[in-house]
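Input: a single structure, listed below in structure tokens.
4 protein chains.
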Amino acid sequence: MSDVSPLRLALVGGGPGSFIGPVHRMAAELDSAIRLTAGAFSRDPAKNAQAAAAWGVAPDRAYGDYRTMIAAEAAREDGARLVAVVTPNHLHFEVSKAALEAGLHVMSDKPATLNLAEALELEKIVVASGRRYGLTYVYTGYPMVREAREIVARGDLGAVRKVIVEYSQGWLSRPIEREDNKQAGWRADPAQSGVGGCIGDIGVHAFNLAEFVVGAPVERLCADVAAVVPGRTLDDDCNILLRFAGGARGVLIASQISAGARNGLTIKVYGEKGGLIWSHERHTELTLDWLDGPSQVLHAGSPYLSAAAQAASRIPTGHPEGFIEAFANIYRDFAAAIAGSGDGGLVPGIAHGARGMAFVETAVAASGAGWVALQGDGR
Amino acid sequence: MSDVSPLRLALVGGGPGSFIGPVHRMAAELDSAIRLTAGAFSRDPAKNAQAAAAWGVAPDRAYGDYRTMIAAEAAREDGARLVAVVTPNHLHFEVSKAALEAGLHVMSDKPATLNLAEALELEKIVVASGRRYGLTYVYTGYPMVREAREIVARGDLGAVRKVIVEYSQGWLSRPIEREDNKQAGWRADPAQSGVGGCIGDIGVHAFNLAEFVVGAPVERLCADVAAVVPGRTLDDDCNILLRFAGGARGVLIASQISAGARNGLTIKVYGEKGGLIWSHERHTELTLDWLDGPSQVLHAGSPYLSAAAQAASRIPTGHPEGFIEAFANIYRDFAAAIAGSGDGGLVPGIAHGARGMAFVETAVAASGAGWVALQGDGR
Amino acid sequence: MSDVSPLRLALVGGGPGSFIGPVHRMAAELDSAIRLTAGAFSRDPAKNAQAAAAWGVAPDRAYGDYRTMIAAEAAREDGARLVAVVTPNHLHFEVSKAALEAGLHVMSDKPATLNLAEALELEKIVVASGRRYGLTYVYTGYPMVREAREIVARGDLGAVRKVIVEYSQGWLSRPIEREDNKQAGWRADPAQSGVGGCIGDIGVHAFNLAEFVVGAPVERLCADVAAVVPGRTLDDDCNILLRFAGGARGVLIASQISAGARNGLTIKVYGEKGGLIWSHERHTELTLDWLDGPSQVLHAGSPYLSAAAQAASRIPTGHPEGFIEAFANIYRDFAAAIAGSGDGGLVPGIAHGARGMAFVETAVAASGAGWVALQGDGR
Amino acid sequence: MSDVSPLRLALVGGGPGSFIGPVHRMAAELDSAIRLTAGAFSRDPAKNAQAAAAWGVAPDRAYGDYRTMIAAEAAREDGARLVAVVTPNHLHFEVSKAALEAGLHVMSDKPATLNLAEALELEKIVVASGRRYGLTYVYTGYPMVREAREIVARGDLGAVRKVIVEYSQGWLSRPIEREDNKQAGWRADPAQSGVGGCIGDIGVHAFNLAEFVVGAPVERLCADVAAVVPGRTLDDDCNILLRFAGGARGVLIASQISAGARNGLTIKVYGEKGGLIWSHERHTELTLDWLDGPSQVLHAGSPYLSAAAQAASRIPTGHPEGFIEAFANIYRDFAAAIAGSGDGGLVPGIAHGARGMAFVETAVAASGAGWVALQGDGR
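Residue numbers (the working numbering), protein chains in the order written: chain A, 7 to 385; chain B, 7 to 385; chain C, 7 to 385; chain D, 7 to 385.
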């Protein structure tokens with residue numbers, strides 16, 4: 007708890023029909039440390055006004071475009087100090103840049119940018135701005151993912167040898183991007199999405215999760231990235247072999263044509279002494295399988311968890327939080343860091359964003375071509 | 007979405023150390039239809055101020071006692087119009103009464119009152135007030151519980167024959183009420199809790215859930231209600247046989263001394279043609295087992311669900327919501343009803359509150375004495 | 007392993023159409039310590055011959071009735087020394103009696119007899135005969151049930167406070183006993199089944215399992231035993247409150263009209279420090295939930311299990327055994343005891359059989375009448 | 007059921023300390039169609055005699071070596087007609103060859119031979135012999151695996167697009183082959199095991215399972231096959247990208263250094279309309295996830311299953327069979343084919359054996375080298 011005023015938030019994107027915009031709004035406000043104050047929710051004036059009304063934003067602070075909004079809010083004494091970027095990918099860079107250069111902090115939806123070059127440039131802009139930049143790799147906000155990271159870092163499993171991360175969805179099994187499905191539409195369009203389809207949408211989540219939990223960067227990869235649905239330009243299915251610094255082998259699977267799969271993200275990490283399994287479908291649990299004894303199941307909200315994991319739960323064990331709360335954990339840590347009461351160390355930043363873009367570009371470019379190096383160090 | 011101002015909320019209770027107070031606050035505000043504006047969070051002035059600061063409530067609207075608060079807010083043009091009651095049980099009646107009589111709506115935590123007499127009196131007060139009264143039987147806010155109710159009501163299972171509802175916790179396995187545990191302390195004290203311990207705390211949830219899903223009232227019961235931990239006055243373990251109108255048999259199990267159990271609420275309903283199982287530990291799923299074909303598993307957020315269940319999810323299937331969102335569903339429906347855009351039909355009311363109190367008093371009084379009638383009709 | 011000849015087995019019942027007969031045959035022979043040598047499989051000569059041929063029994067040792075068989079086999083130098091009784095219930099007593107009095111050992115399917123009087127008489131006959139009598143309460147043969155018993159006996163959970171045992175089936179949801187279903191037919195007929203329907207068929211399993219794991223007898227019960235399907239004479243649904251010696255409370259649920267349920271037997275035992283859960287649907291696992299630490303999952307076939315549990319697995323962990331192997335564990339222990347290389351301590355005997363009959367008779371007689379004592383001590 | 011004499015079986019290998027030998031013995035005899043009659047169980051005379059005594063084999067039919075056994079049994083009127091080969095891999099070829107050339111049928115444990123050349127030669131020998139050759143890819147014997155194959159073959163899922171098969175064990179996480187562990191010892195020795203370690207031991211199971219369920223051969227692969235434990239010669243961890251005829255993409259993961267994993271084999275197959283998941287840990291279930299409706303869970307032993315799946319269960323749904331019974335299904339089908347009452351179509355044969363060897367050799371040779379063709383057609 008804190009006695010300072012809430013951090014004032016402006017949203018770019020997130021108007022009616024958005025999936026992730028409302029999630030940002032709910033997550034940001036959940037803990038009372040952030041309050042939505044302004045927005046450029048939609049280019050459609052009616053929709054823009056509708057969003058503002060629904061979310062308690064004053065009509066005069068629902069702006070027609072993000073540049074106007076940033077200028078106006080930055081100039082106000084009581085203006086927004088944080089901009090959340092929830093547009094399609096191709097706008098992430100320019101909105102983030104504009105906000106940072108106006109002296110505002112930025113929380114961006116993933117991926118960080120449209121491509122690696124933009125991400126590297128944005129990295130410089132963040133540094134130059136002196137402002138904070140966060141990236142909503144939401145799965146790192148789950149308590150038991152944070153516990154998993156702690157367990158690996160503590161060495162409980164011994165040296166890591168094997169990593170399997172799988173993120174399977176089925177919702178793009180049909181070419182619904184040609185059927186006026188807004189969510190599918192921009193994702194299937196390289197101009198808005200970049201060179202990655204599935205890999206940029208959810209592959210980066212899997213990749214980031216693996217590096218987050220393992221605590222070591224991927225150094226090489228061997229990719230099979232494909233557009234399975236006929237007529238689709240961007241990939242919708244990815245199977246990638248990995249090699250981590252330190253020698254651990256891995257497999258990353260991401261798919262949006264695994265028909266019937268909902269949103270199944272699972273990671274398994276095996277070390278010398280045991281393995282851990284976390285699955286989004288049972289996200290309040292973390293299973294530890296040991297070479298030499300009974301399995302253990304750890305439950306979110308329990309007092310025996312690490313401080314990092316405990317801090318990521320609001321209510322006692324057995325009272326499940328979920329996706330919005332995981333998202334909110336990232337916002338809360340970010341707001342605390344801005345307020346000076348935390349280092350925000352668990353909030354993904356632009357380095358992670360650049361890392362994701364390097365992964366996407368490398369895997370897409372090298373698909374089918376055997377093993378290639380993945381540049382960077384996964385900071 | 008709506009273009010009206012948010013409903014202004016005042017909280018009675020919920021200061022630092024409260025479990026359920028913050029849940030009410032988060033749930034109420036989640037969908038932007040309600041905003042916390044005032045409170046009498048704690049009798050301790052420092053704690054009261056701390057809660058107000060943390061939650062963005064103006065210092066002058068953090069009141070030292072609920073009576074002052076109700077009077078002041080009712081008198082303000084921009085005053086709170088909804089009071090949430092999150093105190094120990096013994097204050098539910100008087101706070102609810104005061105708020106209603108001041109023309110404010112009330113959302114109360116369960117159980118409705120300290121005893122049945124109060125509940126019946128409160129029922130009259132609600133009617134006389136012309137205001138709305140809601141009760142947070144949170145489990146009825148879960149999408150798949152609402153789907154379960156629809157499935158039974160549609161007759162998919164045929165006539166209901168058997169109901170098993172179990173709510174097992176273990177956190178009162180030791181006499182922690184004697185160790186300065188605030189949550190345990192008031193629950194173990196008849197003056198604050200009423201005649202029911204475990205049965206009043208979680209048994210009423212199980213009871214309400216069963217009647218909610220089955221759609222028929224319990225007419226008779228045969229109870230074994232006991233204080234298992236030595237020295238405890240109120241019950242901590244309950245096993246109750248049920249008979250529903252229409253003839254279905256049932257078993258209700260509620261315990262707070264099932265050591266190791268976290269918050270495991272499960273209901274199974276069997277009809278002539280099949281059965282359903284919902285478990286809080288996997289709350290996004292509803293399993294249907296059929297006499298004549300494969301089992302089915304329905305997932306929250308799916309387009310094939312009933313309208314009632316779909317309306318209770320904010321984000322697509324595979325993105326789990328949780329306890330706070332279930333709570334928020336009750337608040338959202340309640341706010342909509344107040345705003346005139348819904349009938350609030352799924353929001354538990356004072357009739358359900360009275361029903362719960364009748365259940366508690368009957369079961370406690372008749373424990374060990376065989377079968378007795380449960381008065382009322384479970385409206 | 008042993009260098010003695012296999013124990014020769016004769017089966018009474020088990021001809022074509024039998025469910026449990028073939029299970030006895032497969033289980034008895036699984037470990038090579040017992041060999042089927044003779045049988046009175048069916049009163050229908052063609053079926054009798056068919057069973058003999060299918061199972062490698064010499065034609066002249068397929069007898070037309072059990073009395074002839076017992077006399078002939080007892081007289082042969084190489085005759086059967088063990089008789090397995092797999093008839094409908096009403097014949098259990100007379101076949102067991104005849105075999106024992108002819109000097110043969112007996113393995114009987116449950117329940118032991120048609121009623122308590124028979125069971126008590128059979129108990130005397132067993133003692134007088136000097137032969138061994140075993141009863142296939144098959145669930146006590148599962149490795150993780152034996153582990154559960156060890157865990158409770160060792161005091162790992164502290165004193166037991168609460169027991170929930172549920173055995174739900176749905177296959178009698180329709181009156182298929184009137185549709186020429188052989189399995190349903192005799193079970194629905196009091197002349198063949200006794201006073202218990204569901205309670206005698208599967209309720210006794212649940213009851214025996216509870217006493218086996220808890221290690222204390224049930225002293226009192228309060229029963230709701232009913233025939234739910236119209237026109238049925240014997241019960242098909244049972245809900246019973248229990249009180250164990252030592253004070254633990256319990257609930258026993260058994261049903262054959264839980265439509266859609268397959269064969270779901272689950273037991274939960276809660277002590278002062280933690281609880282255990284075993285479910286037949288995941289029979290290779292035993293879950294321990296602790297008041298003060300992470301949950302544990304123990305896996306059948308693991309080297310960290312108790313000697314009793316380890317002895318009940320044939321193959322390494324992760325290679326699931328099942329119902330037949332659990333049955334075989336009882337036969338194997340029984341054969342070892344007969345051969346003098348084990349005390350057969352885990353094989354249910356006539357005392358457990360009498361106990362089951364007392365349970366059935368008491369619960370049926372007292373259904374709806376509140377709490378009554380259950381005689382006996384659950385040896 | 008059948009009125010012919012049981013098929014007489016001789017075992018090569020399987021003496022004390024063997025894991026898979028006793029499984030073959032139990033599985034072969036389970037359904038009374040096969041009876042163990044002879045064996046060359048161990049080169050150690052005492053162990054050989056011990057096995058014979060334990061399993062009811064006459065002392066004079068426990069032979070000191072397999073060549074003597076084959077000659078003697080082939081010459082006897084009542085000799086064994088089926089030889090089961092349960093030795094380490096390097097002997098599979100010569101024992102199988104000797105048995106076939108002596109006019110006996112052969113059931114071999116996997117892999118078929120030490121290398122592809124031997125497998126191709128054995129294929130010719132099988133054809134020339136006019137005898138039957140079966141291979142115990144045991145997982146194809148599970149009812150729900152057979153159901154999965156039927157579902158794909160029927161086109162219920164639409165065209166297959168994606169396959170994930172994972173077989174994770176952890177028991178070789180330490181170099182126990184240097185600690186006198188017999189099972190680990192020969193597996194780690196190329197002279198006894200061939201060029202494949204993990205891939206030859208369990209990778210072939212995963213590979214065969216995938217082709218069995220998908221019904222199409224793997225045409226290309228890209229492998230990462232490694233010896234992770236220091237000092238180990240043969241691989242213990244394999245991650246392989248697959249391409250099936252027809253275009254489906256796949257991933258095959260096999261590991262024996264996934265510490266804590268027991269014997270976790272899982273296959274997921276996604277088509278245009280839905281996906282299926284089968285996991286050995288819950289082998290009695292088959293989950294179908296649909297693009298357009300609720301998930302389904304099919305249960306072994308249910309009357310709604312395909313004939314192929316129903317035939318693979320002995321007892322009703324809810325009464326779990328397991329590994330031994332899956333093994334027994336292969337033996338039963340094999341015995342029926344020999345007896346002329348079935349085509350043995352589901353029994354893996356030498357073609358599948360050769361296929362497995364091609365997979366092992368190709369993957370090992372091409373590990374790290376990108377995509378290569380896999381010869382053969384996966385008959």
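From the three backbone atoms N, C-alpha and C, an ideal C-beta is built for every residue, glycine too.
message: Can you find the residues in the same chain that come closer than 7 Å, C-beta to C-beta, to B:A197, ignoring five residues on each side of it along the sequence?
response: Correct list, in chain order: H96.
query: How about D:D295: is its C-beta nearer than 9 Å to some C-beta of chain C?
result: By this cut-off, D:D295 is not an interface position.
task: Could you confirm whether any beta carbon from chain A is found closer than 9 Å to the beta carbon of C:D162?
output: For C:D162, the answer is no, since every Cβ of chain A falls outside 9 Å of its Cβ.
Beta-carbon gap between C:F365 and C:M113 smaller than 9 Å: For C:F365 and C:M113, no; Cβs fall outside 9 Å.
query: Quick one: what does DSSP say D:R152 is sitting in, helix, strand or coil?
result: Residue state, collapsed to three classes: helix.
message: Any beta carbon from chain B within less than 9 Å of D:L304's own beta carbon?
response: Yes, contact with chain B.
task: Quick one: which residues of the stretch 251-262 of chain C get their C-beta closer than 7 Å to a C-beta of chain B? List them in chain order.
output: For the stretch 251-262 of chain C, which is checked against every Cβ of chain B, the residues closer than 7 Å are R255, V257, I259 and S261.
field: Rounded separation between D:G136 and C:H286 - CA only
entry: Looking at the two C-alpha atoms, the distance is approximately 45 Å.
message: Taking contact to mean 3 or more Cβ pairs, one atom from each stretch, closer than 8 Å, check whether the stretch 25-40 of chain A and the stretch 350-368 of chain A are in contact.
response: The way I'd put it, the stretch 25-40 of chain A doesn't touch the stretch 350-368 of chain A; fewer than three beta-carbon pairs between them come closer than 8 Å.
Below-9 Å beta-carbon distance, A:R268 vs any chain B residue: Interface flag for A:R268 against chain B is set, since a Cβ pair is found closer than 9 Å.
query: Does the pairing of the stretch 79-93 of chain B with the stretch 156-166 of chain B give three or more beta-carbon distances under 8 Å?
result: The stretch 79-93 of chain B and the stretch 156-166 of chain B do not touch, with fewer than 3 CB-CB distances between them shorter than 8 Å.
- request: Tell me, please, which residues DSSP counts as bridged to C:W377.
  value: Answer by DSSP bridge pairing, in chain order: C:C228.
message: Taking 8 Å as the cut-off, does the stretch 143-161 of chain B touch the stretch 332-350 of chain B (at least 3 CB pairs, one atom from each stretch)?
response: Short answer: they touch.
query: Straight-line CA distance for C:L258 to C:F213?
result: Rounded to the nearest whole angstrom, the CA to CA distance from C:L258 to C:F213 is 7 Å.
field: Buried or exposed by the 16-neighbour rule on C-beta atoms within 10 Å, applied to D:E35
entry: Of the residues assessed, D:E35 falls on the buried side of the cut-off, its CB having 16 or more other CB atoms within 10 angstroms.
task: May I ask you to list, following chain order, the residues of the stretch 164-176 of chain B that have a beta carbon less than 9 Å from some beta carbon of chain C?
output: Only G164, R167, K168, I170, E172, S174 and G176 from the stretch 164-176 of chain B bring a Cβ to less than 9 Å from some Cβ of chain C.
message: Would B:I208 pass as an interface residue toward chain A - the criterion being a Cβ-Cβ separation below 9 Å?
response: Cβ-Cβ to chain A under 9 Å: no for B:I208.
Residues bridged to C:C204 [DSSP beta-bridge criterion]: None; C:C204 has no bridge partner.
query: Looking at chain D, which residues of the stretch 130-154 of chain B have a Cβ within less than 7 Å of any of its Cβ atoms?
result: For the stretch 130-154 of chain B, no residue has a beta-carbon sitting nearer than 7 Å to a beta-carbon of chain D.
- prompt: Can B:V224 and B:L240 be called in contact, C-beta distance under 9 Å?
  reply: Going by beta carbons, B:V224 and B:L240 fall outside the 9 Å limit.
- prompt: What is the DSSP secondary structure of A:A343, counted as helix, strand or coil?
  reply: Residue state, collapsed to three classes: helix.
- prompt: Is the CB of A:E187 under 9 Å away from at least one CB in chain D?
  reply: Rather than Glu, the amino acid found at residue 187 of chain A in this sequence is Asn. Output row for A:N187: interface = no.
Test: A:V234 CB closer than 9 Å to a CB of chain D: Using a CB distance cut-off of 9 Å, A:V234 counts as an interface residue toward chain D.
- request: Taking A:S102 as the reference, give the member of A:A123, A:G140 and A:A78 with the closest Cα.
  value: Residue A:G140 holds the alpha-carbon nearest to the alpha-carbon of A:S102 among A:A123, A:G140 and A:A78.
task: Please check the pair B:A265 and C:L282, which I expect to be a contact at CB under 8 Å, by giving their CB distance rounded to whole angstroms.
output: By a beta-carbon distance limit of 8 Å, B:A265 does not contact C:L282. Their separation comes to about 10 Å.
message: Taking a contact to mean a Cβ-Cβ separation below 9 Å, would you say D:G147 touches D:R184 in this structure?
response: No. Outside cutoff.
task: Starting from A:V1, follow the alpha helix (DSSP H) in both directions and report where the run begins and ends.
output: There is no way to answer for residue 1 of chain A, as the model of chain A reaches only from 7 to 385.
DSSP three-state assignment for D:Y143, whether helix, strand or coil: Correct three-state label for D:Y143: coil.
query: Which residues in the same chain as D:S319 place their Cβ atom closer than 7 Å to its Cβ, once the five residues preceding and following it in sequence are excluded?
result: So the list reads P149, A306, G307 and E327, once near-sequence residues are dropped.
task: Check D:V18 in the structure and name its three-state DSSP category.
output: In the structure shown, D:V18 sits in a strand (DSSP, three-state: E or B).
- prompt: So which residues of chain A does C:G324 contact, with C-beta pairs closer than 8 Å?
  reply: Going along chain A, no residue has its Cβ under 8 Å from C:G324, so there is no contact; the nearest lies around 11 Å.
query: First and last residue of the beta strand (DSSP E) that includes B:A90?
result: In the DSSP annotation of this structure, the continuous segment of the beta strand (DSSP E) that includes B:A90 starts and ends at L88 to V91.
query: Are the stretch 72-79 of chain A and the stretch 120-139 of chain A touching, with three or more C-beta to C-beta distances below 8 Å?
result: Result no; under three Cβ-Cβ pairs closer than 8 Å.
message: In whole angstroms, give me the CA-to-CA distance for D:A57 and C:P12.
response: A straight line joining the alpha-carbon of D:A57 with that of C:P12 spans about 14 Å.
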